[in-house]
Amino acid sequence: MKKISIVIPVYNRKADLPRCLVSTQSTYDNYEVIAVDDASTDGSYELMQSMDIPHLKIFRNAQNRGVNYTRNRGIEQATGDYILFLDSDDKLMENGLNTVGKYVNANEGVKHFLFYISSNQNKTRANTYTTSYKDWLTEKVFGDFTHVIQREVLMQFPFFEQFRAYENLNWQRIIKFTAPQMVVPQVVTWVDLERADNLTKTLRLKSTEAILGKFNYLKFYLELYGGDLYAFDPQLYKQKFHHALMLGIGAYQKEETQKMIAASPLKGKTKYRLLTSLAPSILLNKAITSK
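Here it is in structure tokens:
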């Protein structure tokens, strides 16, 4: 029976942790729970230490480093054959881990499983199906899933710690390596999308810092996957490139934007160079942050 490690990054989630941690308790015979606290300041770490949760191992970062760094520490501490990622404000459904174990143990050659979460429970698939790197890169497949991946794959492809968010930068290269993935249309995780501090909400472009973060993300995304995306879907590549261009100008990063243009496979780069040189960053910055 395959061992499954549930990896939970934690940061200031004291109110949600009991729900999350209690949900990991399972009759599945071979699992562990790895909770890594990212230097919480609200007592989350102390609360975890006081809880009696089977198979729970608790670790703590010396300082706050973000979810990508924290996930990597959890991967390093895990001893399972497969890793299931669970956010600390979410919870496993009743028998969720048993469902995961059923498919993991019955499909020896699959490196990467994707299970439905509560927000996509209305999708009408009845049977398992597969996805490809091309499907994900061209956004024919998108959205959130519960990822269950062989630990050795995650050790080979750790999350990019220079980014405090944007973990999909790593998902794409994992998906490329593990394709085809098996998608199991059964809901194993309930996801809280309504929190005021939900990470997606905090990444809204309301400051120059946020614009710069999004530009750095898109620039790196195009460095990693731009060649493949351009080959698969040139129009989608152009959309992402244009978005990155505007963000670069609006973030006062004209020199880096020019480097991005130079590296692009697009033709007719002169117009992009001129636009970057002439467009006023301050006006574009205001236009972006005022949306």
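In the numbering used here, the protein residues as written are 19 to 309. Cβ atoms here follow ideal geometry from the backbone N, Cα and C, with glycine treated the same way.
Beta-bridge pairing by DSSP links residue 55 to 28, 78.
The way I'd put it, the segment 145-152 does touch the segment 190-208; three or more beta-carbon pairs between them come closer than 8 Å.
Short of 6 Å from the beta carbon of residue 278, and not among the five residues preceding or following it, lie these beta carbons of its own chain, in chain order: 237. Distance from residue 171 to residue 121 at the Cβ level is roughly 17 Å; contact not present, criterion being Cβ atoms closer than 8 Å. Within the same chain, and ignoring the five residues on either side of residue 305 in sequence, the residues whose Cβ sits closer than 8 Å to its Cβ are 268.
If only complete runs of 4 or more residues are kept, the segment 243-277 shows the alpha helix (DSSP H) at 252-268, in order along the chain.
Contact check for residue 38 and residue 107: beta-carbon distance about 7 Å, within the 8 Å limit, so the pair qualifies.
With fewer than three CB-CB distances shorter than 8 Å, the segment 54-64 does not count as touching the segment 125-133.
234 is the residue among 200, 272, 234 whose C-alpha sits nearest the C-alpha of residue 184. Under the three-state reduction of DSSP output, residue 241 falls in the helix class. Counting only the Cα atoms, residue 123 lies some 10 Å from residue 117.
Linking residue 94 to residue 210 through their CA atoms gives a straight-line distance of about 27 Å. Residue 26 is not a Cβ neighbour of residue 119, given a cutoff of 8 Å. For the set 153, 165, 44, 198, the Cα lying nearest the Cα of residue 246 is the one of 153. Nearest in C-alpha terms to residue 257, of all of 273, 270, 189, 282, is 282.
With a minimum length of 4 residues, the unbroken runs of alpha helix (DSSP H) contained wholly in the segment 118-203 fall at 151-155, 169-174, 186-196. For residue 101, the uninterrupted beta strand (DSSP E) run begins and ends at 100-103, by DSSP. Nearest C-alpha to residue 34 among 84, 105, 101, 230: 105.
Of the candidates 197, 113, 180, 207, 207 places its Cα closest to the Cα of residue 164. For the pair residue 40 and residue 75, the CB atoms are not nearer than the 8 Å cut-off.
The beta carbon of residue 44 sits closer than 6 Å to the beta carbons of 115 from its chain, once the five residues preceding and following it are set aside; these are given in chain order. A distance below 6 Å between beta-carbons, with the five flanking residues on each side excluded, links residue 166 to the following residues of its chain, in chain order: 100, 102, 118, 131. Put simply, of 49, 60, 300, 79 the residue whose alpha carbon is nearest the alpha carbon of residue 225 is 300. Look at residue 290 here: in three-state DSSP terms it is helix. Distance from residue 86 to residue 169 at the Cβ level is roughly 17 Å; contact not present, criterion being Cβ atoms closer than 8 Å.
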